[in-house]
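Single-structure report; data block below.
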Amino acid sequence: MQMRSSLGKVRGLGSTKSGVVHWWAQRITAVALVPLSIWFVIAAIGLVGADYGTFQDWISLHGNLVLLIAFTAVLFHHAQLGLQVVIEDYIHGEALKVASIVAVKFVAAMCTISIIFAALRVAFAG
Amino acid sequence: MATAKEPRKRPLSPHLQIYRPQITSVLSITHRLTGIGLAVGALFLTYWLSSAGYGPEAFETAQAVLASWFGRLVLLGFTFCLYFHLANGIRHLAWDAGWGFELPTLRLTGWLVVIVAAIATVVTFAVGYSMRGGY
Numbered sequence: 013m014q015m016r017s018s019l020g021k022v023r024g025l026g027s028t029k030s031g032v033v034h035w036w037a038q039r040i041t042a043v044a045l046v047p048l049s050i051w052f053v054i055a056a057i058g059l060v061g062a063d064y065g066t067f068q069d070w071i072s073l074h075g076n077l078v079l080l081i082a083f084t085a086v087l088f089h090h091a092q093l094g095l096q097v098v099i100e101d102y103i104h105g106e107a108l109k110v111a112s113i114v115a116v117k118f119v120a121a122m123c124t125i126s127i128i129f130a131a132l133r134v135a136f137a138g
Numbered sequence: 025m026a027t028a029k030e031p032r033k034r035p036l037s038p039h040l041q042i043y044r045p046q047i048t049s050v051l052s053i054t055h056r057l058t059g060i061g062l063a064v065g066a067l068f069l070t071y072w073l074s075s076a077g078y079g080p081e082a083f084e085t086a087q088a089v090l091a092s093w094f095g096r097l098v099l100l101g102f103t104f105c106l107y108f109h110l111a112n113g114i115r116h117l118a119w120d121a122g123w124g125f126e127l128p129t130l131r132l133t134g135w136l137v138v139i140v141a142a143i144a145t146v147v148t149f150a151v152g153y154s155m156r157g158g159y
């Protein structure tokens with residue numbers, strides 16, 4: 013049954029634009045980040061004060077490379093979803109709100125690409 | 025013709041600063057604040073790992089920046105944010121599954137989150153320092 017009014021649909025109003033998708037993605041990424049972030053902290057402790065060669069040896073291990081890429085992708089997706097909610101709660105001007113959300117998504121995507129590319133470059137150079 | 029009238033003065037609910045802070049409300053806003061903190065931490069993570077893509081010199085500069093007293097202080101903050109957000113995030117997932125809404129349970133799990141985050145932060149730094157010879 014369609015509960016939304018025609019006017020509401022045309023204006024793109026209402027809470028069900030894609031609310032459930034966002035909520036669910038936030039939970040799934042949260043669940044994935046429980047083991048991934050614990051793995052990352054343990055790995056990061058092992059890399060305290062490491063020189064480039066040590067870091068290269070570490071990231072050249074297949075498991076480390078895969079987990080780091082997974083951690084990075086999930087982390088920035090989760091962060092971006094969370095910051096979107098914060099922006100929606102506190103910024104009320106529509107233009108600034110949309111611009112801020114888009115900016116956060118762009119930065120998150122660029123950071124993800126940067127880390128993955130650096131990780132692959134170092135691992136494959138070793 | 026009806027003219028726009030001044031809105032009737034209605035009683036306002038008490039402002040936020042009038043409420044006595046409670047473990048539930050304090051942890052709720054702390055979850056959000058640590059989440060924002062961790063988003064900033066993710067930028068540091070990007071700097072650290074991307075530096076490796078530029079070669080040994082850039083990576084070792086980044087390692088030195090993170091090992092400085094300021095770098096360690098920032099990492100200490102991020103570490104606490106991570107453990108708090110992780111522990112309280114698990115608490116949130118339990119709520120999503122419908123568990124833990126009774127007030128005594130809420131208070132217990134709330135304090136548990138604070139204690140776990142504090143202990144885990146101390147242990148992490150203790151292990152980190154012991155592996156570096158304690159300087």
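Heads up: the protein sequence lines correspond to chains E and W, in order. The first sequence begins at 13 in this note's numbering and counts up by one. The second sequence begins at 25 in this note's numbering and counts up by one. The beta-carbon is built from N, C-alpha and C at its ideal position, and this holds for glycine as well.
- Residue contact check for W:V146 against chain E: no CB pair falls below 8 Å.
- Nearest neighbour of E:V53 by Cα position, chosen from W:H116, W:C105, W:T148, W:Y43, turns out to be W:T148.
- If you ignore the 5 residues before and after E:T41, its C-beta comes within less than 6 Å of the C-beta of V86, H89, H90, all in its own chain and listed in chain order.
- Nearest to E:T66 by alpha-carbon distance, out of W:E84, W:Y78, W:S74, is W:E84.
- W:G134 is classed as buried because its beta carbon has at least 16 other beta carbons within 10 Å across all chains shown.
- At least one CB atom of chain W sits nearer than 8 Å to the CB of E:F88.
- Counting only runs that start and end inside the stretch 104-145 of chain W, there is no alpha helix (DSSP H) element of at least 4 residues.
- Within the model, the alpha-carbon separation for W:A76 versus W:Q87 is close to 10 Å.
- Residues of chain E whose Cβ lies closer than 8 Å to the Cβ of W:G152 are, in chain order, I57, V60.
- Secondary structure at W:Y71: helix, using DSSP grouped into helix, strand and coil.
- With a cutoff of 8 Å on beta-carbon distance, W:S74 and E:A120 are scored as not near each other.
- Here DSSP, grouped into helix, strand and coil, assigns E:I103 to coil.
- Among the CB atoms of chain E, one or more fall inside 8 Å of the CB of W:T70.
- Judged by DSSP in its simplified three-state form, E:H74 adopts helix.
- Using a Cβ-Cβ cut-off of 8 Å, E:D69 does not count as an interface residue toward chain W, since no Cβ of chain W sits closer than that to its own.
- Three or more pairs of CB atoms, one per stretch, sit closer than 8 Å, so the stretch 138-153 of chain W contacts the stretch 98-112 of chain W.
- Setting aside the 5 residues that flank it on each side, W:H116 is surrounded in the same chain by H55, each with a C-beta closer than 8 Å to its C-beta; the list follows chain order.
- For E:H34, same chain residues with a beta-carbon under 7 Å away, outside a window of 5 residues either side, are L93 in chain order.
- Taken atom to atom, the span from the alpha-carbon of W:E81 to that of W:R131 is near 49 Å.
- Approximately 6 Å separates the beta-carbon atoms of E:L79 and E:W51; this is inside 8 Å, confirming the contact.
- Within the model, the alpha-carbon separation for E:G20 versus E:Q14 is close to 12 Å.
- Within a 10 Å sphere around the beta-carbon of E:S18 sit fewer than 16 other beta-carbons, which makes this residue exposed.
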